[in-house]
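Before any comments, here is the structure.
Residue numbers (my numbering): 1020 to 1197.
Quick look at the structure:
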């Protein structure tokens, strides 16, 4: 129930509220009194299942909610900043993927060429020994490329020259890695 009138006295007293509650089967009753002066007797709010709010209560609740929302602004700004950092990191990595792929492809071609050449010179090797050489050369290539790839992902921003330097150092043919 909402009460709003210019009556200079209570228009609803505790007795009337008690009688109204008797027929409500313990259902709660919310009364909002936005009258100035108040029209609902304040003691009516002490009746079980009666929730009486006046303009001061609403103002206080509104202020508390505003403070909570203001606190959430800082939290939301932190979340946005973290997600923006995460996105920027992902984007830097995304931009240099073609360059990383070209570097890995070239290294794999070189590895495979030299491994096959070596294996032709060593026909007496067992299958297990051949597999060991295969794994060893893969590990060497992986270890050699680990730091350049990590640095590309971190520093490969097109605004920096690192990606271009890597492209030139490894003589990579990449049309557009940006």
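Using N, Cα and C, we set each Cβ at its ideal position, and we do this for glycine too.
Go through its chain and collect everything with a Cβ distance to residue 1021's Cβ below 6 Å, but skip five positions before and after it.
-> For the purposes of this step, residue 1021 is identified with residue 2 of the chain shown, where counting begins at 1. Around residue 1021: 1051.
Going along the chain, which residues of its own chain have a beta-carbon closer than 6 Å to the beta-carbon of residue 1060, five neighbours each way excluded?
-> Indexing the chain shown from 1 puts residue 1060 at position 41. Only 1029, 1032 and 1033 meet the Cβ criterion.
Per-residue burial, residue 1046 [other beta carbons within 10 Å of its own, 16 or more giving buried] = Locating residue 1046 in the chain shown gives position 27, where the first residue counts as 1. Here residue 1046 is exposed: its Cβ has fewer than 16 other Cβ atoms, across all protein chains shown, within 10 Å.
Report back the beta-carbon spacing between residue 1192 and residue 1121 to the nearest angstrom; my notes put them in contact at under 8 Å.
-> On the chain shown, residue 1192 is found 173 positions in, with the first residue counted as 1. On the chain shown, residue 1121 is found 102 positions in, with the first residue counted as 1. Yes, they are in contact, since the Cβ atoms of residue 1192 and residue 1121 sit about 7 Å apart, within 8 Å.
Name, in chain order, the residues that DSSP records as bridge partners for residue 1073.
-> What you label residue 1073 is simply residue 54 of the chain shown in a count that begins at 1. In the DSSP output, where bridge partners are listed per residue, residue 1073 has 1052.
With 16 other Cβ atoms within 10 Å as the buried cut-off, status of residue 1182 | Within the chain shown, the letter at position 163 stands for residue 1182. So residue 1182 ends up on the buried side.
Buried or exposed: residue 1069, going by 16 or more other Cβ atoms within 10 Å of its Cβ?
-> Locating residue 1069 in the chain shown gives position 50, where the first residue counts as 1. Per the 10 Å Cβ criterion, buried.
Kindly indicate the opening and closing residues of the alpha helix (DSSP H) around residue 1062.
-> The residue given as residue 1062 occupies position 43 in the chain shown. That residue, residue 1062, is in no alpha helix (DSSP H); it is neither H nor E in DSSP.
Extent of the continuous alpha helix (DSSP H) to which residue 1034 belongs | The count along the chain shown starts at 1 and reaches residue 1034 at position 15. Per DSSP, residue 1034 belongs to the alpha helix (DSSP H) from 1033–1041.
Spell out the partners DSSP gives residue 1021 in its beta bridges.
-> The residue given as residue 1021 occupies position 2 in the chain shown. Paired residues: 1051.
Touching or not, the segment 1096–1106 and the segment 1079–1087, by the rule of three or more beta carbon pairs under 8 Å?
-> Taking a cut-off of 8 Å for Cβ pairs, the segment 1096–1106 and the segment 1079–1087 do not touch, as fewer than three such pairs fall below it.
Shortest alpha-carbon distance to residue 1172 belongs to which of 1110, 1042, 1144 and 1026?
-> Position 153 of the chain shown, counting from 1, holds the residue named residue 1172. Checked all of 1110, 1042, 1144 and 1026; the closest Cα to residue 1172 is 1110.
Go ahead and pull the three-state DSSP assignment for residue 1113.
-> For the purposes of this step, residue 1113 is taken as the residue at position 94 of the chain shown. DSSP places residue 1113 in helix when its eight states are reduced to three.
Count the other C-beta atoms from every protein chain shown that fall within 10 angstroms of the C-beta of residue 1025, then say buried if there are 16 or more, exposed otherwise.
-> As a first step, residue 1025 must be located in the chain shown, where it is residue number 6. Its Cβ having fewer than 16 others within 10 Å, residue 1025 is exposed.
Tell me, to the nearest whole angstrom, how far the beta carbon of residue 1153 is from that of residue 1141; I am working on the premise that it is less than 8 Å.
-> Start at 1 with the first residue of the chain shown, and residue 1153 comes out as number 134. Start at 1 with the first residue of the chain shown, and residue 1141 comes out as number 122. A Cβ-Cβ distance of about 13 Å is found for the pair residue 1153 and residue 1141, leaving them out of contact under the 8 Å criterion.
Apply the 10 Å Cβ neighbour rule to residue 1058 and answer buried if 16 or more other Cβ atoms are within range, or exposed otherwise.
-> On the chain shown, position 39 is the one that residue 1058 refers to. Looking at its Cβ environment, which holds 16 or more other Cβ atoms inside 10 Å, residue 1058 is buried.
Exposed or buried, which one is residue 1071 when buried takes at least 16 other CB atoms within 10 Å?
-> Against the chain shown, residue 1071 aligns to sequence position 52. Buried: at least 16 other Cβ atoms inside 10 Å.
Endpoints, the alpha helix (DSSP H) within which residue 1167 is located = In the chain shown, residue 1167 corresponds to position 148, counting from 1. Unbroken alpha helix (DSSP H) run through residue 1167: 1146–1174.
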